[in-house]
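At position 74 of the sequence shown (counting the first as 1) the number is 163 in the numbering used here, and the numbers step up by one without a gap.
Remarks on the structure that follows.
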Amino acid sequence: MADWVWHGEDGNNRDDRFIVQGPRDGAAIWERFGALFPDDAKAQLWVSGSPPVEILWGDIAKIQLMAGDRLILPGIPTAGGPLLYVMERLLGPEGCPWDRKQTPQSLVRYLLDESYEAAEALVAGDDEAFIEELGDVLLQIAFQGALAPNSSFSDIAVKQAQKLIRRHPHVFAEEAWATSEEVRQQWDKLKAQEPPHHASAVWVYPALVAAKRLDKLGIHPESSVYQEIYDLLQVYFDKNPGKIEEILADAAWAVASGGRIQHQDAEWALWKKVAQAAPQNREIAGNLR
């Protein structure tokens, strides 16, 4: 890529342009980048000594860049660049009416659905479907980044990179952790040192995940049923220390079966209970049926 594209500031002091420098044949440019943008996308051609002119991306193969000429691509041709270009078009004044109506909140269901579908394809061992579903997850991230009032896709990526660097001092600093267990323990310590996120909508998680998150905060049912089942599980754990995961699976399955016999959905019942557990969720939980 380095021998193709120069990435830097243009005359407008922008640093988000990718520029192909001449001499370069248009057909070669099209062969390398043509499929990344739609034919009606606008590129800028800077012929040495002349003001820039806009040309359609579909006409790129017809041009010839001479020494000193530059071609500014419609978007960044690496990583998520083509996707971000398409999102910008979809959300623009002449974009898609449905996309333009969306909000970060209205897209939550799609973020969850696409994540589950990606997991389903992964577990099924369907590599082709998994890659496609990962693309759908990436779309939701790009969509949220485009709609976020004080952020962008780039901000999301940079913050995540910074977090990974901060939580891996054994790679990016002088720390030395020898085993994966040490890494896990130190990760938890470093995570605990970071400012907490007080999200109020813990109920968007699957019920068991949400219950676990609340339990870490010391929030759990104050009922005899909860305590008796909890105590019974501890007995099984103590007697079968090597089978804790199997015991948890069987217990969860038993709860689901018991709910079915009573014509109740255990997941939905726990979901509503979790939503009611935190005070800030009670108004929302009251609307759940």
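Where is the CB? At the ideal position from N, CA and C, for every residue including glycine.
Predicted model only: the values in this text are computed from it and were never measured.
- At a Cβ-Cβ threshold of 8 Å, R178 and V109 do not count as neighbours.
- Scanning P166, F126 and V136 for the CA closest to the CA of P112 turns up V136.
- Comparing alpha-carbon positions, the option among S243, A156 and L297 lying closest to L172 turns out to be S243.
- Inter-residue distance for A358 and L253 is about 36 Å (C-alpha atoms, whole angstroms).
- A distance of 8 Å or more separates the beta carbons of A340 and G348.
- With respect to the 8 Å criterion, P163 and W146 are classified as neighbours on the basis of their beta carbons.
- Look at F107 here: in three-state DSSP terms it is strand.
- In this structure the stretch 116-127 lies against the stretch 138-152, because at least three pairs of beta carbons, one per stretch, are closer than 8 Å.
- Distance from the CA of Y325 to the CA of K332, rounded to the nearest whole angstrom, comes to 9 Å.
- Taking C-beta separations shorter than 7 Å and ignoring five residues to either side along the sequence, the partners of V344 in its chain run A355, following chain order.
- Listed as beta-bridge partners of I144 by DSSP are A132.
- Nearest Cα to G157 within the set G170, G169 and P140: P140.
- In the assembly as shown, M176 is a buried residue. Its beta-carbon has 16 or more other beta-carbons within 10 Å.
- Counting along the chain, no alpha helix (DSSP H) covers L125, and no H or E run does either.
- Of the residues assessed, E217 falls on the exposed side of the cut-off, its CB having fewer than 16 other CB atoms within 10 angstroms.
- Of the other Cβ atoms in all chains shown, fewer than 16 fall within 10 Å of the Cβ of F261; this residue is therefore exposed.
- The three-state secondary structure of L306, taken from DSSP, is coil.
- Distances from the CA of S312 to each of L200, L279 and A366 were compared; the closest alpha carbon is that of A366.
- Counting along the chain, no alpha helix (DSSP H) covers I149, and no H or E run does either.
- In this chain, L180 is not harboured by any alpha helix (DSSP H), its DSSP state being neither H nor E.
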